[in-house]
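Undergrad: Let me give you the structure first, and then I'll get to my questions.
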Amino acid sequence: MSATVTPLRVNEMPESHESAIAETKPVVQTAAAITPEAAPAPNRIREFSGAVLRAILPPALGLFLFIGLWALIAQDGRIPGPASTWSSAVELFADPFYDNGPNDMGIGWNILNSLQRVGIGFGMAALVGIPLGFIVGRFKFFADMTAPIISLLRPVSPLAWLPIGLLVFKSADPASIWVIFISSIWPMILNTAAGVRQVPQDYLNVARVLALPEIKIVTKILFPAVLPHILTGVRLAIGVAWLVIVAAEMLTGGVGIGFWVWDEWNNLNVEHIIIAIFVVGIVGLILEQALVLLAKRFSYGETH
Amino acid sequence: MEKYVELDRINVIFPTNKGPFQALKDISLSISQGEFVTLIGHSGCGKSTLLNVVAGLNMPSTGAALCAGREIPGPGPDRGVVFQNHSLLPWLTCFENVYLAVERVYGTKEGKPKLRKRTEEAIALVGLSHAAHKRPQEISGGMKQRVGIARALAMNPKVLLMDEPFGALDALTRAHLQDELMKIVVETKSTVVMVTHDVDEAVLLSDRIVMMTNGPSATIGDILTVDLPRPRNRLQLAENPHYHHLRGQVLEFLYQRQMRPAAAA
């Protein structure tokens, strides 16, 4: 009988262990709270601070060297150094939301306007690109049909689309949104399609064996399986969109961070240009990190 | 007894870049209702292909495959499949994985409470009620495979098809699940076709063992009837001379009559 009993025990081991721990935990804590807790506490603090130091020290050193190099280059006086840029930034961010007419608005308004354009163009690209990616990934005929068009248009610089936008929409704002749309749609189509093609055959076999209707296949199997790929596409697209908006706004004008850079160049306010570079970088970083967090939330561990 | 699954002169030929590849040749097999049949053979002999023909995942190139008197048109929930790597959807809990199958089969006829009850019963049948709301990556390999069995059984299939269901498990867990499977099969009176490469598993579980020749053009080499009385107990069988005789016959088929070319060299 022992052989049939052993496997049972092996299988139930994790549970009995858990319950044993749960039962004994309070006892252990009350009995041993004073001695072992007191001893390793300094150790734990040292370990923790060591980890923090290891995490913070390299990037801090990098930034320090970067600023040092910048100050060194700024010595000859052609570009402003870190100190004057900092004081200029403090002044600028003291009142980010002032409004002295369309050509003189606070930095906050400029950032928000750019973000709005990116949001609209990017959102429309997602609405069109993700479903299109599903179709391209799911049906080989459609993939073969669109492949030449996509490979031809994808490497085109987004700004080359600007004149077409200006021609069709006869206005600067929709034209720059159009440029965002066209530049961020390709990563979304391609990543979604690649994701659909990479859905494990096992999952599709489950769908086939259950003879699930197409709508259930999409909602219960394809969409969750492809979601991490979609989010990768979205992340790449937002990076491109944020890169492109600065250039597009330089050309089209209006209120926006790109136009602001160009305006400050015309005013020869170089501190503001450097501040704009940091602002664009930081906003891009935040957008990217937000999507990384979102992607983490929807990534499922391998099940094998 | 009624012939439940009938395969009549099945040939399966896959088109490849190097021309057609004949995986299965001239296979005829009848399986009765309530029978437990295992397919055994060296790897690459097409036993999974044969199982997939019954599942409808592979279509025979020539010949007829029938289930309950009807030609098998393709995959369908009347033939529940337990996959080798369990194939649970990682974004659904165990309960939701089983519910997906239950909903597909009974969703048009029954209300939600009834569907939930069916799902709970299937999970209870494999002894996993306590883990029903865990995700597959939170449970062990043996538990995942049990959920896979629950999913297949919840559909109340005409035939339960199992493709090396315990192949990836350690020996102790495997033995435990084999014992559980025997109980479940008695309880549900299921007809089972199972692919295995484990001789002991085949003899312990089967009514008949279908021994396949090596591929390509694999076919049925021999069929061994396992006339050991049920319920079977692995410890009593260990001292049963007839068990050893049957086991010896399968081994003899696999290692003398169907010695793998690579192993023979």
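Chains as they are written, first to last, in our numbering: chain A, 31 to 334; chain B, 296 to 560.
Even for Gly, the Cβ is constructed at its ideal location relative to N, Cα and C.
Remember, predicted model here, so these are calculated numbers, not experimental data.
1. When DSSP labels each residue in this structure, what does Thr468 of chain B get in the three-state scheme?
2. DSSP has Met507 of chain B in a bridge; who is on the other side?
3. Determine, for Arg168 of chain A, whether the minimum Cβ-Cβ distance to residues of chain B falls below 9 Å.
4. Val229 of chain A touches chain B at which residues, Cβ-Cβ below 8 Å?
5. Going along the region 514-527 of chain B in order, which residues come within less than 9 Å of chain A, judged by CB to CB distance?
6. Using a C-beta cutoff of 9 Å, does Val248 of chain A count as contacting chain B?
7. What does the Cβ neighbour count give for Met296 of chain B, buried or exposed, with the cut at 16 atoms within 10 Å?
8. Cβ of Pro355 of chain B less than 9 Å from any chain A Cβ?
9. In the region 370-396 of chain B, which residues sit with their C-beta less than 7 Å from some C-beta in chain A, listed in chain order?
10. Consider the Cβ of Met477 of chain B: report whether some Cβ of chain A lies at a distance smaller than 9 Å.
11. So Val498 of chain B and Leu541 of chain B are supposed to be a Cβ contact under 8 Å. How far apart are they, rounded?
12. Looking only at its own chain, which residues have a Cβ that is under 7 Å from the Cβ of Ala463 of chain B, when we skip the five neighbours before and after it?
13. Under the DSSP definition of a beta bridge, which residues are partnered with Val300 of chain B?
14. Among all the DSSP beta bridges, which residues are the ones paired with Pro315 of chain B?
15. Going by DSSP in three states, Leu234 of chain A sits in which element: helix, strand or coil?
16. In whole angstroms, what is the alpha-carbon distance linking Tyr233 of chain A and Arg374 of chain B?
17. Could you tell me the alpha carbon to alpha carbon distance between Phe164 of chain A and Ile215 of chain A, rounded to whole angstroms?
18. Would you check if the region 203-217 of chain A and the region 281-300 of chain A touch, i.e. whether three or more CB-CB distances between them fall below 8 Å?
19. If you reduce the DSSP assignment to three classes, tell me which class Ala62 of chain A lands in.
20. Please work out which residues of its chain come closer than 7 Å, Cβ to Cβ, to Thr491 of chain B, disregarding the five sequence neighbours upstream and downstream, and give them in chain order.
21. For Pro185 of chain A and chain B, any beta-carbon pair shorter than 9 Å?
22. Going residue by residue through the region 424-454 of chain B, where are the continuous alpha helix (DSSP H) segments of at least 4 residues, counting only ones entirely within it?
23. Report back the beta-carbon spacing between Leu500 of chain B and Met489 of chain B to the nearest angstrom; my notes put them in contact at under 8 Å.
24. In chain E, what lies closer than 8 Å to Arg327 of chain A by C-beta?
25. At the level of alpha carbons, what is the spacing between Leu321 of chain A and Arg411 of chain B?
26. Between which two residues does the alpha helix (DSSP H) harbouring Leu273 of chain A extend?
27. If you count every other CB in all the chains shown that lies within 10 Å of the CB of Asp293 of chain A, and 16 or more means buried, which is it?
28. Straight-line CA distance for Met457 of chain B to Leu162 of chain A?
29. From Glu475 of chain B to Ile251 of chain A, what distance separates their C-alpha atoms?
30. What's the C-alpha gap between Gly269 of chain A and Ala318 of chain B?
31. Strictly by DSSP, which residues pair up with Val374 of chain B?
32. In angstroms with no decimal places, state the Cα-to-Cα distance between Lys453 of chain B and Ala350 of chain B.
33. At what residues does the alpha helix (DSSP H) containing Ile316 of chain A begin and finish?
34. Under 6 Å Cβ to Cβ from Val397 of chain B, same chain only, skipping five residues before and after it: list those, please.
35. Nearest to Thr520 of chain B by CA position, among B:Pro526, B:Met506, B:Gly510, B:Ala533, is which residue?
36. Is there contact here, the region 507-519 of chain B with the region 312-328 of chain B, by at least three beta-carbon pairs under 8 Å?
TA: In this structure, then:
1. Here residue 468 of chain B refers to the residue found at position 173 of the second sequence. DSSP places Thr468 of chain B in helix when its eight states are reduced to three.
2. Start at 1 with the first residue of the second sequence, and residue 507 of chain B comes out as number 212. DSSP, once it has assigned bridges, lists B:Ile515 as partnering Met507 of chain B.
3. Reading the first sequence from its first residue, position 138 is the one you call residue 168 of chain A. False, the Cβ-Cβ gap to chain B never drops below 9 Å.
4. Indexing the first sequence from 1 puts residue 229 of chain A at position 199. Per Cβ cutoff of 8 Å: no residues; Val229 of chain A is ~11 Å from chain B at best.
5. none
6. On the first sequence, position 218 is the one that residue 248 of chain A refers to. Cβ-Cβ to chain B under 9 Å: no for Val248 of chain A.
7. Here residue 296 of chain B corresponds to residue number 1 of the second sequence, with the count starting at 1. Note that Met296 of chain B has pLDDT 46, beneath the 50 cutoff, so the model's placement of it is unreliable and the number below is only indicative. Met296 of chain B comes out exposed.
8. Numbered from its first residue, the second sequence carries residue 355 of chain B at position 60. No, no contact with chain A.
9. Pro370, Gly371, Pro372, Val376, Phe378, Asn380, Ser382, Leu383, Leu384, Pro385, Trp386, Leu395, Ala396
10. Start at 1 with the first residue of the second sequence, and residue 477 of chain B comes out as number 182. Not one chain A Cβ lies under 9 Å of Met477 of chain B.
11. As a position in the second sequence, residue 498 of chain B is number 203, starting the count at 1. As a position in the second sequence, residue 541 of chain B is number 246, starting the count at 1. Sure, about 5 Å apart at Cβ, within 8 Å.
12. Locating residue 463 of chain B in the second sequence gives position 168, where the first residue counts as 1. Answer for Ala463 of chain B: Gln379, Asn380, Gly436, listed in chain order.
13. As a position in the second sequence, residue 300 of chain B is number 5, starting the count at 1. DSSP lists B:Ile326, B:Cys362 as partners of Val300 of chain B.
14. Within the second sequence, numbered from 1, the residue matching residue 315 of chain B stands at position 20. Beta-bridge pairing links Pro315 of chain B to B:Pro310.
15. If you number the first sequence from 1, residue 234 of chain A lands on position 204. Three-state result, Leu234 of chain A: helix.
16. Residue 233 of chain A sits at position 203 when you count from the first residue of the first sequence. Residue 374 of chain B sits at position 79 when you count from the first residue of the second sequence. Taking the straight line from one Cα to the other gives about 17 Å.
17. Along the first sequence, read from residue 1 onward, the residue named residue 164 of chain A stands at position 134. Along the first sequence, read from residue 1 onward, the residue named residue 215 of chain A stands at position 185. Each residue's Cα considered, the two are about 13 Å apart.
18. yes
19. The residue given as residue 62 of chain A occupies position 32 in the first sequence. Any reading at Ala62 of chain A must be qualified, since the residue scores a pLDDT of 41, below 50, and its modelled position is unreliable; the value itself is stated next. The answer is helix: DSSP assigns Ala62 of chain A an H, G or I state.
20. Position 196 of the second sequence, counted from the first residue, corresponds to residue 491 of chain B. Closer than 7 Å at Cβ, skipping near neighbours: Thr333, Ile335, Glu459, Ala497.
21. For the purposes of this step, residue 185 of chain A is taken as the residue at position 155 of the first sequence. False, the Cβ-Cβ gap to chain B never drops below 9 Å.
22. 436-449
23. As a first step, residue 500 of chain B must be located in the second sequence, where it is residue number 205. As a first step, residue 489 of chain B must be located in the second sequence, where it is residue number 194. With a Cβ gap of about 7 Å, Leu500 of chain B and Met489 of chain B count as contacting.
24. This model lacks chain E altogether, as its protein chains are A and B.
25. The residue you call residue 321 of chain A lines up with position 291 of the first sequence. The residue you call residue 411 of chain B lines up with position 116 of the second sequence. Going from the Cα of Leu321 of chain A to the Cα of Arg411 of chain B covers about 36 Å.
26. By 1-based counting over the first sequence, the position of residue 273 of chain A is 243. Its alpha helix (DSSP H) spans residues 253-282.
27. In the first sequence, residue 293 of chain A corresponds to position 263, counting from 1. Buried: at least 16 other Cβ atoms inside 10 Å.
28. As a first step, residue 457 of chain B is located in the second sequence; it is residue number 162 there, counting from the start. As a first step, residue 162 of chain A is located in the first sequence; it is residue number 132 there, counting from the start. Looking at the two C-alpha atoms, the distance is approximately 37 Å.
29. Translated into positions along the second sequence, residue 475 of chain B becomes position 180. Translated into positions along the first sequence, residue 251 of chain A becomes position 221. Cα to Cα, the separation comes out at about 30 Å.
30. The residue you call residue 269 of chain A lines up with position 239 of the first sequence. The residue you call residue 318 of chain B lines up with position 23 of the second sequence. Cα-Cα distance, rounded: 50 Å.
31. As a position in the second sequence, residue 374 of chain B is number 79, starting the count at 1. It should be noted that the sequence gives Arg, not Val, for residue 374 of chain B. Arg374 of chain B pairs with B:Val454.
32. Position 158 of the second sequence, counted from the start, is the residue given in the question as residue 453 of chain B. Position 55 of the second sequence, counted from the start, is the residue given in the question as residue 350 of chain B. Taking the straight line joining both Cα atoms gives about 11 Å.
33. On the first sequence, residue 316 of chain A is found 286 positions in, with the first residue counted as 1. Residues 300-327.
34. In the second sequence, counting from the first residue as 1, residue 397 of chain B sits at position 102. Contacts found: Leu410, Arg413, Thr414, Ala449.
35. Looking up residue 520 of chain B in the second sequence gives position 225. Closest option to Thr520 of chain B, Cα to Cα, is B:Met506.
36. yes
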